[in-house]
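Okay, so here's the structure we're looking at.
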Amino acid sequence: MSDNNFLQKKRKKTNNNNNNNTEKKKFQEKSNNEMLKQSEKFISECKKHPLSITFPSQPEIHPDSKCLTFTIHKTFNKARASTLTLPHGSVPTPIYMPVGTKGAMKGLLSCDLERMNCKLMLSNTYHLAFEPGDEFLKQNFEDNNNKNAIHNYMKWNNNVLTDSGGFQIASLTSISVRSEEGVEFISHAENDNRHILLTPEKSISIQNNIGSDIIMCLDDVITPISSINEIYDACERSIRWLDRCIKSHKKKDMQNLFGIVQGGIDLNLREIACTEMEKRNLPGYAIGGMAGGESKEDFWKVVDTCTNYLPFNKPRYLMGIGYPIDLVVCSLLGVDMFDCVFATRTARFGNAFTNFGLRKISKEENKYCFDEPIDKECDCEVCKKYSKSYLYYIFNKNPRGAVLLSFHNVYYLLRLVGRIRESILNEKVNEFVEEFVSKYYGEKGCPQWVVNALRKAGCDVRFLEQFPKLNDDYESFENEN
Ligand SMILES: [Zn+2]
227 MSDNNFLQKK RKKTNNNNNN NTEKKKFQEK SNNEMLKQSE KFISECKKHP LSITFPSQPE
287 IHPDSKCLTF TIHKTFNKAR ASTLTLPHGS VPTPIYMPVG TKGAMKGLLS CDLERMNCKL
347 MLSNTYHLAF EPGDEFLKQN FEDNNNKNAI HNYMKWNNNV LTDSGGFQIA SLTSISVRSE
407 EGVEFISHAE NDNRHILLTP EKSISIQNNI GSDIIMCLDD VITPISSINE IYDACERSIR
467 WLDRCIKSHK KKDMQNLFGI VQGGIDLNLR EIACTEMEKR NLPGYAIGGM AGGESKEDFW
527 KVVDTCTNYL PFNKPRYLMG IGYPIDLVVC SLLGVDMFDC VFATRTARFG NAFTNFGLRK
587 ISKEENKYCF DEPIDKECDC EVCKKYSKSY LYYIFNKNPR GAVLLSFHNV YYLLRLVGRI
647 RESILNEKVN EFVEEFVSKY YGEKGCPQWV VNALRKAGCD VRFLEQFPKL NDDYESFENE
707 N
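So for the sequence shown, this note's numbering puts the first residue at 227; every next one is plus one.
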């Protein structure tokens, strides 16, 4: 069967479960074969040109943005307290962006985020392309005088950033096939055999229809622990795709295209990718491909390298990172924007962020905490109103339990980046770091990577000399689960 017929056949939606399973299985086989072919190609190419890297000699240059300003108010070494002004208002940075995958967060409404004073949230192109669908959003856009498509749809007046679908190349490998043209997905949903060929042009066109304030280039995402040949290949391809994204972006006066630095944990490659990014004069830049199994020591070094080489006067966004300690360390290394689903995902498992590490609400000891909130230092609606005992009792019996914990966790991260910002503005960074790290790890001690990264960020870490040193992969919440 020709490839064309194969795809045509699969594009016919069927409601038959058995057929669906066969379809998905066939697609997965195709995906595996394609990956095998590609890795054979990598190896033969690398034998010819070991780890050579070439980028287009004439990069696409983005015009200066007319719909983004980035004002740096104060710095502490590489860390900055800034204001990012976008079409839907100003955003104080550093900022954490909550994730509303299909235009809605799990458990929280837009009005909840507004009450938390959240100014920028994230939504996913891949998911929106399937539901409600590209054509639906395009129509919504046109019905609203060419503005506010996603904002109007989800009743959110503040800013939206959409990812490009690149992350799903890495997270949905079994239902995607990658080529130079783009990546073909079959829907992840059960009983849905729809396909989408996500090319750089298609990703930008969908994001143009979505109407988000910041749109991301389609990048070839692989995990940082992939082979070096794959990392070089994906990094090169990401730059070629970036040029296609810049060329096809139709709404440069309304939406800001960010480039994404790839390069795994190879610091030289990250430096080269940053230099290529800068040539293209984009409104902002992201560091992608992290949190994929690399060590924490490699993780902070990649962030540190990228913030050394990305332009000083443009916003920098670290994709998919959202543990409290990561927000502190990476803000101090010069990152301005973060996003992560962990805050709401871990809430659904009954875990709450606190200044003293993650706490599991279903622990027996919480039964009797009638007068104590989740975090006595938190001033969110949940902590002001409800005791740990109340949350303990409703968590397993009522879906509102996960909603209340999600509210607290998102608020906690928004407040945390706000505290980092205040400490930069008030020249109290060292005081903030000492208070935060001492409480977060307590007497258990602090991982060496945190000490190393904070020292590199220019913080006074003498207070940590007395702390016991924990394994680098230790997270403050591991012992709480
Ligand atoms: Zn709270």
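Heads up, the beta-carbon is just placed ideally off N, CA and C, and yes, glycines get one too.
Inter-residue spacing [alpha-carbon to alpha-carbon] between residue i and residue j
{"i": "GLY489", "j": "LEU310", "result": "27 angstroms"}
{"i": "GLN365", "j": "GLN284", "result": "36 angstroms"}
{"i": "GLY329", "j": "GLU523", "result": "34 angstroms"}
{"i": "GLY548", "j": "LYS476", "result": "32 angstroms"}
{"i": "GLY668", "j": "VAL677", "result": "14 angstroms"}
{"i": "PRO719", "j": "GLU504", "result": "Because the chain is modelled from 227 through 707, residue 719 falls outside the range shown and cannot be assessed."}
{"i": "TYR616", "j": "TYR638", "result": "19 angstroms"}
{"i": "ASP471", "j": "LEU424", "result": "As written in the sequence, residue 471 is Cys, which differs from the Asp given in the question. Computed Cα separation, rounded: 12 angstroms."}
{"i": "LEU483", "j": "LYS623", "result": "44 angstroms"}
{"i": "GLU462", "j": "MET516", "result": "17 angstroms"}
{"i": "MET342", "j": "CYS606", "result": "8 angstroms"}
{"i": "PHE564", "j": "PHE296", "result": "16 angstroms"}
{"i": "PHE367", "j": "ILE441", "result": "16 angstroms"}
{"i": "GLU406", "j": "TYR322", "result": "33 angstroms"}
{"i": "ASP360", "j": "ILE422", "result": "11 angstroms"}
{"i": "ARG404", "j": "ILE491", "result": "22 angstroms"}
{"i": "CYS272", "j": "SER453", "result": "Confidence in CYS272 is poor, its pLDDT being 44 and thus under 50, which makes the residue's placement unreliable; the coordinate value appears in the next sentence. In a straight line, the C-alpha of CYS272 is about 12 angstroms away from that of SER453."}
{"i": "LEU233", "j": "ILE587", "result": "Low local confidence applies: a pLDDT of 34 at LEU233 is under 50, so the model's placement there is unreliable, with the coordinate-based value given in what follows. Approximately 48 angstroms between the Cα atoms of the pair."}
{"i": "GLU603", "j": "LYS292", "result": "41 angstroms"}
{"i": "VAL655", "j": "LYS252", "result": "55 angstroms"}
Start and end residues, alpha helix (DSSP H) containing residue i
{"i": "PRO550", "result": "550-558"}
{"i": "ARG341", "result": "336-341"}
{"i": "MET380", "result": "375-380"}
{"i": "VAL629", "result": "626-651"}
{"i": "ASN222", "result": "No answer is possible for residue 222: it lies beyond the span of the chain, which begins at 227 and ends at 707."}
{"i": "SER402", "result": "SER402 -> not in any alpha helix (DSSP H); beta strand (DSSP E) instead, spanning 402-404."}
{"i": "ARG571", "result": "568-574"}
Among the options, nearest to residue i - alpha-carbon criterion
{"i": "LYS593", "options": "ALA512, GLY515, GLY548, PHE621", "result": "PHE621"}
{"i": "ILE451", "options": "VAL629, LEU651, PHE525, ARG506", "result": "PHE525"}
{"i": "ALA305", "options": "GLU669, GLY315, PRO320, ASP338", "result": "PRO320"}
{"i": "ILE395", "options": "PRO313, SER413, ASP597, ASN539", "result": "SER413"}
{"i": "ASP459", "options": "VAL655, GLN674, PHE281", "result": "PHE281"}
{"i": "LYS381", "options": "GLU361, GLU406, GLU340", "result": "GLU340"}
{"i": "SER402", "options": "LYS586, VAL447, LEU696, TYR666", "result": "VAL447"}
{"i": "CYS344", "options": "LYS614, SER308, ASN385", "result": "ASN385"}
{"i": "GLY391", "options": "SER308, ARG645, THR449, LEU444", "result": "LEU444"}
{"i": "GLY308", "options": "SER649, THR449, ASP418", "result": "Checking the sequence, you will find Ser at residue 308 rather than Gly. It is SER649."}
{"i": "PHE419", "options": "PRO426, GLU410, GLU427", "result": "According to the sequence provided, residue 419 is Asn. The question's Phe does not apply to it. Minimum Cα distance to ASN419 is reached at GLU410."}
{"i": "GLY684", "options": "GLU255, ASN303, LYS654, ASP552", "result": "ASN303"}
{"i": "THR449", "options": "GLU520, ASN656, GLU590, ASN534", "result": "GLU520"}
{"i": "ARG647", "options": "LYS300, ILE279, LYS252, LYS292", "result": "LYS300"}
{"i": "ASP338", "options": "VAL608, ASN577, GLU591, ASN697", "result": "VAL608"}
{"i": "TYR535", "options": "ASP290, TYR511, PRO550", "result": "TYR511"}
{"i": "ASN539", "options": "ASN697, ILE298, ASN577", "result": "ILE298"}
7 angstroms Cβ shell around residue i - same chain, five flanking residues per side excluded
{"i": "ILE287", "result": "ARG506, ASN507"}
{"i": "CYS532", "result": "VAL487, ARG496, CYS500, ILE513"}
{"i": "SER336", "result": "MET380, LYS381, TRP382"}
{"i": "ASP479", "result": "LYS292, CYS293"}
Same chain only: Cβ atoms within 8 angstroms of residue i, ignoring 5 sequence neighbours per side
{"i": "LEU680", "result": "VAL555, LEU558, VAL659, VAL663, VAL687, LEU690"}
{"i": "LEU363", "result": "LEU354, ALA375, ILE376, TYR379, ILE432, ASN435, ILE436, GLY437"}
{"i": "GLN692", "result": "none"}
{"i": "VAL751", "result": "Given a span of 227 to 707 for the chain in the structure shown, any question on residue 751 remains unanswerable."}
{"i": "SER474", "result": "PRO426, GLU427, ILE430, SER431"}
{"i": "LEU553", "result": "PRO320, TYR322, ILE547, PHE564, LEU639, LEU642, VAL643, ILE646"}
{"i": "SER613", "result": "CYS595, PHE596, ASP597, GLU598, PRO599"}
{"i": "LYS682", "result": "TRP526, ASP530, LEU559"}
{"i": "THR388", "result": "LEU348, SER349, ASN350, THR351, LEU354, ILE376, GLN433, ILE436, SER438, ILE440, ILE441, MET442"}
{"i": "VAL695", "result": "Here residue 695 is Lys; the residue named in the question, Val, does not match the sequence. GLY671, CYS672, PRO673, GLN674, VAL677."}
{"i": "PRO289", "result": "LYS478, ASN507"}
Same chain only: Cβ atoms within 6 angstroms of residue i, ignoring 5 sequence neighbours per side
{"i": "ALA573", "result": "ALA628, LEU631, SER632, ASN635"}
{"i": "LEU493", "result": "THR531"}
{"i": "VAL561", "result": "ARG542, LEU544"}
{"i": "THR327", "result": "ASN350, HIS353"}
{"i": "GLU502", "result": "PHE281, ILE465"}
Bounding residues of the beta strand (DSSP E) (the contiguous stretch that carries residue i)
{"i": "SER349", "result": "346-350"}
{"i": "ILE412", "result": "409-412"}
{"i": "THR311", "result": "305-312"}
{"i": "VAL317", "result": "315-319"}
{"i": "LYS300", "result": "295-302"}
{"i": "VAL386", "result": "385-389"}
{"i": "ASP479", "result": "Careful: ASP479 lies outside any beta strand (DSSP E) and carries neither H nor E."}
{"i": "TYR543", "result": "542-544"}
{"i": "MET563", "result": "563-565"}
{"i": "MET442", "result": "440-442"}
Heavy atom of ligand 2 within 7 angstroms of residue i beta-carbon
{"i": "HIS634", "result": "Of the ligands this structure carries, namely ligand 1, none is ligand 2."}
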